[in-house]
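**Q** The structure under discussion is supplied below as structure tokens; questions concerning it will follow.
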Amino acid sequence: MSILTEADRRRSFAVISHPDAGKSTLTEALALHAKVINEAGAVHGKGGRQGVVSDWMEMEKARGISITSAALQFSYRDCVINLLDTPGHADFSEDTYRVLSAVDSAVMLLDAAKGLEPQTLKLFDVCRHRGIPVITFINKWDRPGREALELCDELVERIGLQPMPLTWPVGAAGHFRGVLDVPEGDFIRYQRTDGGATAAPETRLDPATAEAEQGEDWVRATEEWELLAASGGEFEPERFFDASATPVLFGAAVLNFGVRHLLDLLVDLAPKPAPRIDADGEPRPLDAEFSAFVFKVQTGMDPAHRDQVAFARVCSGEFERGMVVTNATTKRPFATKYVQQVFGQQRSTVDKAYPGDVIGLVNASALRVGDTLFAGKPPVRFPGLPSFAPAHFAVARPADLSRAKQFRRGVDQLAAEGVVQLLKSDLRGDASPVFAAVGPMQFEVAAHRMEHEFSSPVRLDRLPYSAVRRLPDPAQRALVDSGRRSEVLTRADGVDLALFEDEIAMRILVRQNPELTLEPLVAEG
Ligand code: GDP
1 MSILTEADRR RSFAVISHPD AGKSTLTEAL ALHAKVINEA GAVHGKGGRQ
51 GVVSDWMEME KARGISITSA ALQFSYRDCV INLLDTPGHA DFSEDTYRVL
101 SAVDSAVMLL DAAKGLEPQT LKLFDVCRHR GIPVITFINK WDRPGREALE
151 LCDELVERIG LQPMPLTWPV GAAGHFRGVL DVPEGDFIRY QRTDGGATAA
201 PETRLDPATA EAEQGEDWVR ATEEWELLAA SGGEFEPERF FDASATPVLF
251 GAAVLNFGVR HLLDLLVDLA PKPAPRIDAD GEPRPLDAEF SAFVFKVQTG
301 MDPAHRDQVA FARVCSGEFE RGMVVTNATT KRPFATKYVQ QVFGQQRSTV
351 DKAYPGDVIG LVNASALRVG DTLFAGKPPV RFPGLPSFAP AHFAVARPAD
401 LSRAKQFRRG VDQLAAEGVV QLLKSDLRGD ASPVFAAVGP MQFEVAAHRM
451 EHEFSSPVRL DRLPYSAVRR LPDPAQRALV DSGRRSEVLT RADGVDLALF
501 EDEIAMRILV RQNPELTLEP LVAEG
């Protein structure tokens, strides 16, 4: 098969959700339908349906330090689907956001009883900023929850995203019978299986039969859907591609309800890999020679030896294990003898990969997040990865003052690698920079590495800030610094960030100083 054909059948996506919405369960269910594994229970042996994803996270957590995000690859119909993991829970970090620079679409997974939750909103902001098309999956419909219409309204009202349901639930949350297949007008009845261990059988019924069988529930579902259709909810693919609207599916991952629909949607509709724009603004054709960019570097995944794995998304060409590629940043060659696809506890060696795929490069201590790898000539370089709005801040000081030199070297290195962002201000001085992070776990990683790699243990004192904005006008620094619950710090790229204890503190300062100009900070670079 040609490279273009291979690229054409790739779908690379991530799930954006709040902890407990059911991401691990959905991942399992997808893999079950895609027949990578036949029984959900088979992956982990013991009873209970615990995802491969969460198993791995537990393993990482037990070791205390590294954060995981890799890809699960499975085939469905004639497609190869790459599901990139977005670490959540305590592992939520800048890496979680960076994963979104390596996908072509996202599935926003909502708990039917909860709707939009904070972590989902943060991740959605990044998708919106990058223009990533989003499919919405409303999960746990088998349990009592909110009204379907209310959940749809919430998308419009809170994030300005028009829902375009492709299925509509029949039976209120808690009495889930099946769905109205919107494009066909049919009823799809779901049947429970024991513990959700096998794909749920589906029966398709025409509307008349559905009404005779489901009565009021069917009528209500069609009426609700018509109501939504009348307010802009008709499906239009272009609005999905331009990310102004989202196809919506209802389901219950734990019962495998709605999961096949999601897979079909990914295959039929989700964007394929597109030529990536390089640092000069030129699109790199998919069938150009091999190129990829590193979106995550992880240390010490294998307890037996402290190795470093760099995860890269292939952007063009064919990757073959053993090929020698060039790192565009250092201009040095990198031998890819050990390349793996990593997911769960298993590692399997990969021989070939195509645009959209993720490769894990082992022994990759020379690779950094944002690096471009390429084969052949001329060289290509993709733009570095953006930095994201931090939400946690801590002042770093050397615990041992006699090791100030090591401290400085370590801090600069960690900042260069994107482990934490580095902020400074004249008021605080150079000796005590501020670490900024998306998730607090990044501080743990930084502290661990400062001590063990740079022999300079650090003291980290948390700062009470949680809200951050960009301050475009340097003349207004004093204004923010004069606030009791705010301060300005400068990022390594020269951008001034205004930090506030919380959103309220920010609003009070803006109210007192209407001339103060602040800009939202999502993702930059
Ligand atoms: P994650 O934190 O997003 O990975 O969530 P998990 O997949 O671990 O799920 C969190 C909890 O919700 C678990 O107890 C799951 O069994 C449960 N869960 C997931 N999907 C469903 C669903 O469709 N229906 C119900 N009732 N429970 C679900």
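According to UniProt numbering, the sequence shown holds residues 1 to 525 in order.
Every residue, glycine too, gets a C-beta built ideally from N, C-alpha and C.
#1: Whole-angstrom Cβ separation of T246 and V134, contact assumed at under 8 Å?
#2: Look at the alpha carbon of R9 and the alpha carbon of E289, and state the distance between them as a whole number of angstroms.
#3: Can you round the beta-carbon distance between L149 and E224 to whole angstroms, since I take them to be within the 8 Å contact cut?
#4: Would you check whether ligand 1 has a heavy atom nearer than 6 Å to the C-beta of S486?
#5: Does V259 come out as helix, strand or coil in the three-state DSSP assignment?
#6: Helix, strand or coil: how does DSSP classify I159 here?
#7: Which residue wins for smallest C-alpha separation from residue 560, given the options L151, A7, F388, L489?
#8: By the 10 Å Cβ neighbour count, where 16 or more other Cβ atoms means buried, how is V458 classified, buried or exposed?
#9: Quick one: using the 10 Å Cβ neighbour count with 16 as the cut-off for buried, is S486 buried or exposed?
#10: Who are the Cβ neighbours of C152 in its own chain at under 8 Å, not counting the five residues just before and after it?
#11: State yes or no: is the beta carbon of R189 nearer than 7 Å to at least one beta carbon in chain B?
#12: Using only the alpha-carbon positions, how far apart do E202 and Y190 sit?
#13: Which runs of the beta strand (DSSP E) spanning at least 3 residues fall entirely within the segment 377-459, listed in chain order?
#14: For R313, which of L286, T330, R332 has the nearest alpha-carbon?
#15: Within the present structure, is the beta-carbon of A212 separated from the nearest heavy atom of ligand 1 by less than 6 Å?
#16: What would DSSP say about A268, mapped onto helix, strand or coil?
#17: State the DSSP-derived secondary structure class of S231, mapped to helix, strand or coil.
#18: So is I67 buried or exposed if we call it buried at 16+ other beta carbons inside 10 Å?
#19: What's the C-alpha gap between A378 and V297?
#20: Does DSSP put A71 in a helix, a strand or coil?
#21: With the cut-off set at 7 Å, would you say A243 and N139 are in Cβ contact?
#22: Taking only heavy atoms of ligand 1 into account, decide whether any of them is closer than 6 Å to the Cβ of K122.
#23: For I504 and F388, what's the separation of their Cα atoms in angstroms?
**A** Inspection of the coordinates gives the following:
#1: As a first step, residue 246 is located in the sequence shown; it is residue number 246 there, counting from the start. As a first step, residue 134 is located in the sequence shown; it is residue number 134 there, counting from the start. Yes, T246 and V134 are in contact; Cβ-Cβ is about 5 Å, under 8 Å.
#2: Residue numbering aside, residue 9 sits at position 9 when the sequence shown is read from its first letter. Residue numbering aside, residue 289 sits at position 289 when the sequence shown is read from its first letter. Cα to Cα, the separation comes out at about 19 Å.
#3: Here residue 149 is taken as the residue at index 149 of the sequence shown, counted from 1. Here residue 224 is taken as the residue at index 224 of the sequence shown, counted from 1. Confirmed, about 6 Å.
#4: Counting from 1 along the sequence shown, the entry for residue 486 is found at position 486. Look at S486: its beta carbon is at least 6 Å from all of the heavy atoms in ligand 1.
#5: Mapped onto the sequence shown, residue 259 falls at position 259. Reduced to three states, the DSSP call for V259 is helix.
#6: Here residue 159 is taken as the residue at index 159 of the sequence shown, counted from 1. I159: helix per DSSP, three-state reduction.
#7: The question about residue 560 has no answer, for the chain in this structure spans 1 to 525.
#8: Numbered from 1 along the sequence shown, position 458 holds the residue referred to as residue 458. With 16 or more other CB atoms across the displayed protein chains lying within 10 angstroms of its CB, V458 is buried.
#9: As a working mapping, residue 486 is identified with position 486 in the sequence shown. Buried.
#10: Reading the sequence shown from its first residue, position 152 is the one you call residue 152. Listed in chain order, the non-local C-beta contacts of C152 below 8 Å within the same chain comprise P163, P165, L228, G233, V248, local neighbours out to five positions each way being set aside.
#11: Reference to chain B is not applicable here, since this structure consists of a single protein chain.
#12: On the sequence shown, position 202 is the one that residue 202 refers to. On the sequence shown, position 190 is the one that residue 190 refers to. About 5 Å.
#13: Unbroken beta strand (DSSP E) runs of no fewer than 3 residues, entirely contained in the segment 377-459, are found at 392-398, 421-424, 434-437, following chain order.
#14: Residue 313 sits at position 313 when you count from the first residue of the sequence shown. Residue L286 is the option with its Cα nearest to R313.
#15: Within the sequence shown, numbered from 1, the residue matching residue 212 stands at position 212. Checking every heavy atom of ligand 1 against the Cβ of A212, none is found closer than 6 Å.
#16: Counting from 1 along the sequence shown, the entry for residue 268 is found at position 268. It should be noted that the sequence gives Asp, not Ala, for residue 268. Note: D268 maps to helix in three-state DSSP.
#17: Start at 1 with the first residue of the sequence shown, and residue 231 comes out as number 231. In this structure, S231 counts as helix in the three-state DSSP scheme.
#18: The residue given as residue 67 occupies position 67 in the sequence shown. For I67, the predicted model reports a pLDDT of 31, less than 50, meaning its position is unreliable and no value from the coordinates is stated.
#19: For the purposes of this step, residue 378 is taken as the residue at position 378 of the sequence shown. For the purposes of this step, residue 297 is taken as the residue at position 297 of the sequence shown. Inspection of the sequence shows that residue 378 is occupied by Pro rather than by Ala. P378 and V297: Cα-Cα distance of roughly 26 Å.
#20: Reading the sequence shown from its first residue, position 71 is the one you call residue 71. DSSP places A71 within a strand segment (E or B) once states are collapsed to three.
#21: Numbered from 1 along the sequence shown, position 243 holds the residue referred to as residue 243. Numbered from 1 along the sequence shown, position 139 holds the residue referred to as residue 139. Contact check for A243 against N139 fails: the beta carbons are separated by 7 Å or more.
#22: The sequence position of residue 122 within the sequence shown is 122, counting from 1. At a cut-off of 6 Å, the beta-carbon of K122 does not count as near ligand 1: no heavy atom of the ligand is closer than that.
#23: One-based indexing of the sequence shown puts residue 504 at position 504. One-based indexing of the sequence shown puts residue 388 at position 388. Computed Cα separation, rounded: 21 Å.
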